[in-house]
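Single-structure report; data block below.
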Amino acid sequence: MPVAIDRGGLISSRLYSFALLAHEQGISMKQHRLAAAIALVGLVLAGCDKQASTVELKTPAQKASYGIGLNMGKSLAQEGMDDLDSKAVALGIEDAVGKKDQKLKDEELVEAFSALQKRSEERLAKMSEEASAAGKKFLEENGKKDGVVTTASGLQYQIIKKADGAQPKPTDVVTVHYEGKLIDGKVFDSSVERGSPIDLPVGGVIPGWVEGLQLMHVGEKIKLFIPSDLAYGAQSPSPAIPANSVLVFDLELLGIKDPG
1 MPVAIDRGGL
11 ISSRLYSFAL
21 LAHEQGISMK
31 QHRLAAAIAL
41 VGLVLAGCDK
51 QASTVELKTP
61 AQKASYGIGL
71 NMGKSLAQEG
81 MDDLDSKAVA
91 LGIEDAVGKK
101 DQKLKDEELV
111 EAFSALQKRS
121 EERLAKMSEE
131 ASAAGKKFLE
141 ENGKKDGVVT
151 TASGLQYQII
161 KKADGAQPKP
171 TDVVTVHYEG
181 KLIDGKVFDS
191 SVERGSPIDL
201 PVGGVIPGWV
211 EGLQLMHVGE
221 KIKLFIPSDL
231 AYGAQSPSPA
241 IPANSVLVFD
251 LELLGIKDPG
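Following full-length UniProt numbering, the numbering of the sequence shown begins with 1 at its first residue and continues without gaps.
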């Protein structure tokens, strides 16, 4: 759902002491989040039966545990952390839980986190530059296609199914079905796949949607091609959406909610 980003977050009580230690060692908040993510992976790994040659995935708890590890691993890989040593992660957790002497000095850990963060930032910066260049080229070519309209803001849209219903105002709440994709066709969000439309405030979504929704009539289907500056800009709202990405939405306006 293309809403405004809330960058705030809560650190679980289980990881609070780790975050506090990181603060005392001078590790930045960005490193906190990386450290917490690594710690979560370690907790999952440490919870496995060391004597078992394979891990069973039968019970809901086992399946959920696997899902947590899978999602966390994907997230870390997308952040440029695909060279982490899972055994070393688990060893660190075991030493902390078992109150053993740590095998590396605090200064070494701070240096390691800094190097890891630098590599991640370099990778993300490269992805951002590539997304920006690809998006600019895409919009230039797409704007020349039949049926594609470019507005003064740079938003592009194409009417797929016309209708003559009411048009929403910025203060309205609307019911929509949508599917969001990157310009390479990769789907990152879809109410259609979930099988349920959503209600959202016209004024509470990304600028490209705010403008696009007000161009629509109830019953219409359109395709929105949203420049990055009308989407999330230099921010990355999730690992699935790189910074400076042009977003493509198939959007259907199902209705306008009664304000009463």
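Backbone N, C-alpha and C fix where the C-beta goes; we use that ideal spot for every residue, glycine too.
- DSSP, reduced to helix, strand and coil, places V218 outside both helices and strands of the structure shown, so it counts as coil.
- The C-alpha of T54 is placed about 43 angstroms away from the C-alpha of A134.
- Under the DSSP definition of a beta bridge, E252 partners with H177, K221.
- With respect to F225, V248 sits close: the two C-beta atoms are nearer than 7 angstroms.
- With respect to P168, L213 sits close: the two C-beta atoms are nearer than 7 angstroms.
- Buried is the label assigned to I241, since at least 16 other Cβ atoms lie within 10 Å of its Cβ.
- Straight across, the Cα-Cα distance linking N142 with A231 is about 17 angstroms.
- For I160, the enclosing beta strand (DSSP E) starts and ends at 156-161.
- In the structure shown, the three-state DSSP call for L213 is helix.
- Taking the CA atoms as reference points, D106 sits about 16 angstroms from A88.
- Membership of I93 in the alpha helix (DSSP H) is indicated by the continuous run 86-97.
- E140 and G154 have their C-alpha atoms roughly 10 angstroms apart.
- When beta bridges are read from the DSSP output, P201 appears opposite V173.
- When secondary structure is reduced to three states using DSSP, S245 falls in the coil class, being assigned neither helix nor strand.
- In the three-state reduction of the DSSP assignment, I226 falls in the strand class.
- Assignment of L139 by DSSP, reduced to helix, strand and coil, places it in the helix class.
- With respect to the C-alpha of S191, the residue from S132, L253, G208, K99 having the closest C-alpha is L253.
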